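Colleague: Questions regarding the structure given below will be posed in turn.
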Amino acid sequence: MVNKAKTQRFGFGWSPSQKSSISVSESEQMQWYLVASLLTILTSSQGILTTLSKTNGRYRYDYATVPFLAEVFKLLVSSFLLWKEIQKSPSPKMTTDWKSVRLFPIPSIIYLIHNNVQFATLVYVDASTYQIMGNLKIVTTGMLFRLFLRRKLSNLQWMAIVLLAVGTTMSQVKGCGEASCDSLFSAPIQGYVFGILSACLSALAGIYTEFLMKKNDDTLHWQNVQLYTFGAIFNMARLLLDDFRNEFEKGPWWQRLFNGYSFTTWLVVLNLGSTGLLVSWLMKYADNIVKVYSTSIAMPLTTVLTLFLFDFRPTLQLFLGIVVCMMSLHMYFAPPSMLIDLPKMLNEDSESLLEVYVDRRTDSS
């Protein structure tokens, strides 16, 4: 009974319909760690590939077509995997009720609003300030995670989340001798309002997506097909809207869809699409906090990788930020027994008290 109580701390397989976390096997935890590690690698290489896709310092392709092609890629992969799964027996569960399907456009709508808020934020703040303020989504994700999904976090886990936000921010702060250091506190109030709103919208989209993935026992591939179908539609609508704004000066978007694409550009599309598929897997079988750690750890990792690819000089803030992020990672996922060195006798007494408590609860029921 005591061992089972200990294993329930890692309830990443939790669903909203459950009142408490469920125990998971070591093989499932290894799968989560593997997917999270792959997500970290892909996220850290995303910015580097995007930079390498430039020609003479500028994009020769329409960057708005990249998210659209990434959605199409995810839709094709998910459709193929769903078709393969349907061939098996028994057939996977797929809810086709309109009351369920109509919920899947909502994440795309939230991301559409979020993208516009991002542009509004950059009107009032510079890129460095925006990047630092973006770390607020780490804390807002934890808050919405508790508020909407009813997932309780321990005080130690809350401290770890705040520490992660501090670590990622520290790794992005430039040297104090640079002029851009003063820009963080010189932005108008509108910039901070839009920055906070952007962080909340980003967290809300992730939390709502997790809710969709876990609200029933539908197969992941069917849920992805619905999610990415609407994602492709909304991205296509954005391309069409850009054409109307520019009065079709460069022709319709489908005629210039692949213009200027290079091998590196296709790697960007493949990277973005694969990242989305991994995030969906984590939303289904893990949770938003695992995703937040995977993407947040990628920030300092990206900076380290640029040391070898671009003309970049490391700072003390970068080194300290990485150390703080690693401490936060260990603090959140490690069992309490690894973080607190309790005396052996005290540990045995606490386990005995737990056994008596469980026995009494069983007798009373």
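Counting in the working numbering, the sequence shown runs from 107 upward without gaps.
For each residue, glycine too, the CB sits at the ideal point set by N, CA and C.
Remember, it's a predicted structure, so these values are computed and weren't measured experimentally.
What residues are listed by DSSP as bridge partners for Arg-362?
Modeller: Bridge partners of Arg-362: none, in fact.
Colleague: According to DSSP, is Arg-164 helix, strand or coil?
Modeller: Three-state DSSP puts Arg-164 in a strand.
Colleague: Return the Cβ separation of Gly-297 and Tyr-367 in integer angstroms, given the expectation that the two are a contact with Cβ distance under 8 Å.
Modeller: Incorrect: roughly 35 Å between the Cβ atoms, too far for contact.
Colleague: State buried or exposed for Val-385, treating a residue as buried only when at least 16 other CB atoms are found within 10 Å of its CB.
Modeller: Buried is the call here.
Colleague: Closer than 7 Å by C-beta to Gly-283: which residues in its own chain qualify, once you throw out the five before and the five after it? Chain order, please.
Modeller: For Gly-283, the pLDDT reaches just 48, beneath the cut-off of 50, and the residue's location in the model is therefore unreliable, although a value from the coordinates is still provided. Hits under 7 Å: none found.
Colleague: Would Thr-371 pass as a contact of Ala-305 if the rule is Cβ separation under 8 Å?
Modeller: Taking 8 Å as the Cβ cut-off, Thr-371 and Ala-305 do not qualify as a contacting pair.
Colleague: Nearest to Ala-142 by alpha carbon, out of Thr-156, Leu-435, Pro-441?
Modeller: That would be Leu-435, whose Cα lies nearest to the Cα of Ala-142.
Colleague: Enumerated in chain order, which unbroken segments of the alpha helix (DSSP H) with a length of 4 residues or greater are wholly contained in the region 166-202?
Modeller: Counting whole runs of 4 or more residues, the region 166-202 contains the alpha helix (DSSP H) stretches 171-192.
Colleague: Does the beta-carbon distance from Thr-315 to Pro-213 come in below 8 Å?
Modeller: Yes. Within cutoff.
Colleague: Going along the chain, which unbroken runs of the alpha helix (DSSP H) with 4 or more residues stay wholly within the region 424-448?
Modeller: Entirely contained in the region 424-448, the alpha helix (DSSP H) runs reaching 4 residues are, in chain order, 442-445.
Colleague: Are there 16 or more other CB atoms within 10 angstroms of the CB of Leu-424, so buried, or fewer, so exposed?
Modeller: Buried is the call here.
Colleague: How many Å lie between Met-239 and Asp-232 at the Cα?
Modeller: Roughly 11 Å between the two C-alpha positions.
Colleague: Have a look at Val-268, Leu-307, Ile-244 and flag the residue whose alpha-carbon is nearest the alpha-carbon of Asn-222.
Modeller: Checking every option, the nearest Cα to that of Asn-222 belongs to Leu-307.
Colleague: Could you compute how far the alpha carbon of Trp-189 sits from the alpha carbon of Ala-338?
Modeller: Straight-line Cα distance between these residues: approximately 19 Å.
Colleague: Does the beta-carbon distance from Val-207 to Gln-332 come in below 8 Å?
Modeller: Yes; because the gap between Cβ atoms is below 8 Å, this pair is in contact.
Colleague: Using 8 Å as the threshold, is the C-beta distance between Met-437 and Leu-262 below it?
Modeller: Their beta carbons are under 8 Å apart, which means Met-437 touches Leu-262 by this criterion.
Colleague: Going along the chain, which residues of its own chain have a beta-carbon closer than 7 Å to the beta-carbon of Gln-237, five neighbours each way excluded?
Modeller: Excluding sequence neighbours, Gln-237 sits near Gln-278.
Colleague: Within 10 angstroms of the Cβ of Asn-341, are there 16 or more other Cβ atoms? Answer buried if so, exposed if not.
Modeller: Under this definition Asn-341 is a buried residue.
Colleague: Is there contact between the region 399-414 and the region 345-355, where contact requires at least three CB pairs shorter than 8 Å?
Modeller: Not touching, per the Cβ criterion.
Colleague: Touching or not, the region 166-186 and the region 321-332, by the rule of three or more beta carbon pairs under 8 Å?
Modeller: They touch, by the three-pair rule.
Colleague: Which value, in whole angstroms, describes the spacing of the CA atoms of Ala-309 and Ile-446?
Modeller: Each residue's alpha carbon lies about 31 Å from the other.
Colleague: Let me know the secondary structure DSSP gives Val-279 once reduced to three states.
Modeller: In the structure shown, Val-279 sits in coil (DSSP, three-state: anything other than H, G, I, E or B).
Colleague: With DSSP collapsed to three states, give me the class of Ala-311.
Modeller: Of the three classes helix, strand and coil, the one that applies to Ala-311 here is helix, per DSSP.
Colleague: Taking the continuous alpha helix (DSSP H) assigned at Ser-214, which residues delimit it?
Modeller: From DSSP, the alpha helix (DSSP H) with Ser-214 extends over 211-230.
Colleague: Do Asn-394 and Phe-251 have their beta-carbon atoms positioned less than 8 Å apart in this structure?
Modeller: Cβ atoms of Phe-251 and Asn-394: closer than 8 Å.
Colleague: Quick one, which of Thr-412, Pro-420, Val-396, Val-429 has its alpha-carbon nearest Trp-138's?
Modeller: Answer by Cα proximity: Val-396.
Colleague: Going by the CB atoms, is the gap between Leu-209 and Leu-318 shorter than 8 Å?
Modeller: Yes; because the gap between Cβ atoms is below 8 Å, this pair is in contact.
Colleague: Where Thr-275 and Asp-324 are concerned, what is the direct C-alpha to C-alpha distance, given to the nearest angstrom?
Modeller: So the alpha carbons of these two residues sit roughly 38 Å apart.
Colleague: Are there 16 or more other CB atoms within 10 angstroms of the CB of Lys-258, so buried, or fewer, so exposed?
Modeller: Its Cβ having fewer than 16 others within 10 Å, Lys-258 is exposed.
Colleague: Check the C-beta distance from Thr-409 over to Ile-154 and give it rounded, since I have them as a contact under 8 Å.
Modeller: Contact doesn't hold; Cβ gap of about 10 Å is too wide.
Colleague: With distances taken between CB atoms, is the gap from Thr-381 to Leu-148 smaller than 8 Å?
Modeller: Contact flag set, yes.
Colleague: Under a Cβ-count criterion, where at least 16 other Cβ atoms within 10 Å of its own Cβ denotes burial, should Ser-195 be classed as buried or exposed?
Modeller: Burial call: exposed.
Colleague: For Leu-422, I'd like the list of residues in its chain whose CB is within less than 8 Å of its CB, leaving aside the five on either flank, ordered along the chain.
Modeller: So no residue of the chain qualifies.
Colleague: Distance check for Ile-313 and Trp-264, CA to CA, integer angstroms please.
Modeller: Going from the Cα of Trp-264 to the Cα of Ile-313 covers about 17 Å.
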